[in-house]
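Report on one structure; see the data block that follows.
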Amino acid sequence: KIEGVELDFFALSFGKVKTSNNLCTLSRFHVSLVETANGNQALCFELVGDRFLRRMVRILIATIIRETMEVFSVVESPHDHVEDFDERLLKIIQ
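Structure below.
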């Protein structure tokens with residue numbers, strides 16, 4: 032878990048950091064499956080922290096999704112069961 036731990040997030044920032052350090056503490060990191068206004072399902076990522084580096088959240092979420100997709104490519108094709116893809120992705124991330 033990364034919640035409540037002060038970590039160096041430089042690797043997940045974009046370029047040169049203009050602050051004195053790269054340390055950030057995420058007090059909440061939660062992923063859930065939600066229904067959109069048009070009835071589709073989507074993953075909702077909730078991050079609460081004491082600060083964020085430039086583009087840190089965008090890079091963090093993209094990395095989580097990319098790495099999870101690699102797990103799927105080893106285990107099975109994510110396109111085999113497209114209708115429950117978000118639910119399976121959510122189980123791996125949690």
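Numbering (our numbering) for the sequence shown: 32 to 125.
Beta carbons: idealized from backbone N, C-alpha and C, even for Gly.
In this text, all values refer to a predicted model and were calculated from it rather than measured experimentally.
Between C75 and V65, is the Cβ-Cβ spacing less than 7 Å?
By one-based count along the sequence shown, residue 75 stands at place 44. By one-based count along the sequence shown, residue 65 stands at place 34. Contact annotation: C75 and V65 have beta-carbon atoms nearer than 7 Å.
Taking K49 as the reference, which of A93, A73, I33, F83 has the closest Cα?
Counting from 1 along the sequence shown, the entry for residue 49 is found at position 18. It is F83 whose Cα lies nearest to the Cα of K49.
Coarse secondary structure for V36, derived from DSSP in three states
Taking the first residue of the sequence shown as 1, we reach residue 36 at position 5. In the structure shown, V36 sits in coil (DSSP, three-state: anything other than H, G, I, E or B).
Close beta carbons around L43, own chain, < 8 Å, minus the five adjacent residues each side:
Counted from its first residue, the sequence shown places residue 43 at position 12. The beta carbon of L43 sits closer than 8 Å to those of L84, M87, I90, L91, T94, all from its chain and outside the five residues before and after it, given in chain order.
Residue(s) in a DSSP beta bridge with T56:
The residue labelled residue 56 in the question sits at position 25 within the sequence shown. Bridge partners of T56: E37.
Shortest alpha-carbon distance to R59 belongs to which of F45, D39, G80?
Within the sequence shown, the letter at position 28 stands for residue 59. Distance check between R59 and each of F45, D39, G80 places G80 closest, using alpha-carbon atoms only.
Report the partner residues of S63 according to the DSSP bridge assignment.
Stepping through the sequence shown from its first residue, residue 63 is reached at position 32. Looking at the DSSP output, S63 bridges to C75.
Should F40 and N52 be called a contact, given that it needs their Cβ atoms to be closer than 7 Å?
Working through the sequence shown from its first residue, we reach residue 40 at position 9. Working through the sequence shown from its first residue, we reach residue 52 at position 21. Not a contact, by the Cβ cut-off of 7 Å.
With distances taken between CB atoms, is the gap from I33 to L57 smaller than 7 Å?
Here residue 33 refers to the residue found at position 2 of the sequence shown. Here residue 57 refers to the residue found at position 26 of the sequence shown. Judged by beta-carbon spacing, L57 lies within the 7 Å limit of I33, meaning their Cβ atoms are closer than that value.
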